[in-house]
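Quick note on numbering: the sequence shown equals residues 59 to 424 in my numbering. Where is the CB? At the ideal position from N, CA and C, for every residue including glycine. Have a look at the structure below, then the notes.
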Amino acid sequence: MAADEIRGETAGTAQVPLSVLDLVTVGAGRTATDALRTSVELSRLAENRGFHRYWVAEHHSMPGVASTSPAVILAHLAAHTDRIRLGSGGVMLPNHAPLVIAEQFGTLEAMAPGRIDLGLGRAPGTDGATAAALRRTDRLNEGADDFPQQLAELTRFLDDDFPDGHPYARIHAVPGPIQATAPGGVQSPHRPPVWLLGSSGFSARLAGTLGLPFAFAHHFSAQNTIPALDLYRESFTPSEVLDAPYALIGVSALATDDEKEARRQVLAAALNMVRLRTGRPGLVPTPEEAEAYEFSPMEREFVDSWNSNVIHGTADEVRAGLDDLQKRTGADELMITGNAHSGDVRLRSYELIADAYQLPKAQTQA
């Protein structure tokens, strides 16, 4: 696999490649259709402004997050974009049979050759009861503990290289390499690169040991970022995929035209997190609802802590915050997630960030 299918190129004045993480958030008074339309607009904006990749996360049973089916959403985005890399950030592998994921992402690769990333996580992406419903079992720890084995199985399906005598040796993920061995068969030279995602040290160490690229969820586990990246780099063993570590971090960032508006927007997003963490998940509230909400002392403490890790303000302030974070962590790529009630606010944020880094605008085709 060519390294340039993993490593991005910088654009404008950015020190590292900039990418987008989309949770397909649904605001109060909006529908999932509205959120998905915003995702299409945002993927086009990201492509036209030189963002390197666009990932969709897997979450379940959260009214304010419509990204339950990354493969379905990515197929839709592939039909509306031409160049930007598309991927999962990530698929929660224990929720799925490895063969199914190999088939889904083989299909995506056939739709958008050379543009698909397969990011994998081991968390459920939801609460325990929903995870049990997804996995048809309440033995959830077993699924997480089996993650290395599930990963190995998925990789063999992607490469179609189970050894002779293996129970799955005659099973093939299609679209996939088996098609090249059929009479007259021609197979794409690409296969989706596998990334490991994490918010602690487990996947960091595993990614390093296997020589895979690593994506860390700084946006909700900031205290673990530097230890996990250090562990990844210390554990790294060169592989056919990578000769040196490559790590991106997900970071919450929201730019607006003035600082006050940024504070209003991130307060609403924080209220949404308060409700989620206290078992009351809902749609992303409006800034007006958040301003009128009476936070308890404990909730206010959570909001202050949460928003301390959200880079927000004017475009210049956000750029300064992103640059500082990259220098402190040594991240090879920044993947920005901008959560807000309004799709228009999210689109404007990425446009402002692109302008702050002087990212080029794509030339209009004649």
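Secondary structure of residue i, DSSP reduced to three states
i           : result
residue 99  : helix
residue 69  : coil
residue 83  : strand
residue 186 : helix
residue 64  : coil
residue 77  : strand
residue 272 : strand
residue 229 : coil
residue 402 : helix
residue 88  : coil
residue 214 : helix
residue 244 : coil
residue 164 : helix
residue 209 : helix
residue 417 : coil
residue 175 : strand
Reference residue i; option with closest CA among the options
i           : options            : result
residue 373 : 411, 394, 400      : 411
residue 326 : 145, 368, 159      : 368
residue 123 : 388, 93, 130       : 93
residue 134 : 178, 169, 375, 179 : 169
residue 354 : 371, 336, 342, 340 : 336
residue 84  : 343, 415, 407      : 343
residue 296 : 69, 391, 407, 264  : 264
residue 235 : 253, 277, 167      : 167
residue 141 : 109, 160, 126, 121 : 109
residue 315 : 375, 328, 208      : 375
residue 290 : 306, 277, 311      : 306
residue 309 : 73, 192, 162, 393  : 393
residue 362 : 391, 379, 329, 125 : 329
residue 418 : 405, 380, 69       : 69
residue 403 : 143, 267, 299, 324 : 324
residue 118 : 161, 73, 181, 95   : 181
residue 125 : 81, 277, 246       : 81
residue 114 : 128, 379, 121      : 128
residue 246 : 254, 237, 298      : 237
residue 311 : 334, 366, 300      : 366
residue 72  : 401, 383, 405, 398 : 383
residue 90  : 64, 75, 131        : 131
Exposed unless 16 or more other CB atoms sit within 10 angstroms - verdict on residue i
i           : result
residue 232 : exposed
residue 111 : buried
residue 218 : buried
residue 159 : buried
residue 87  : exposed
residue 222 : exposed
residue 416 : exposed
residue 427 : The shown model of the chain, from 59 to 424, leaves out residue 427, and the question about it has no answer.
residue 257 : buried
residue 203 : exposed
residue 278 : exposed
residue 408 : buried
residue 391 : buried
Cβ of residue i within 8 Å of any chain B Cβ
i          : result
residue 79 : Absent here is chain B; the protein component of the structure consists of one chain.
Practice item. Ignoring anything shorter than 3 residues or poking outside the region 104 to 141, list the beta strand (DSSP E) runs there in chain order. Key: 111 to 114
Evaluate contact between the region 152 to 169 and the region 97 to 114, counting only Cβ atoms and requiring at least three cross-stretch pairs below 8 Å. no
Is the region 273 to 289 touching the region 213 to 231 in the sense that three or more CB pairs, one from each, lie closer than 8 Å? no
* To do: Starting from the N-terminal side, write out each stretch of the alpha helix (DSSP H) that is 4 residues or longer and does not extend beyond the region 326 to 399.
  => 345 to 350, 355 to 365, 373 to 387
For the region 257 to 327, list the beta strand (DSSP E) runs that are entirely contained and at least 3 residues long, ordered along the chain. 272 to 274, 305 to 313
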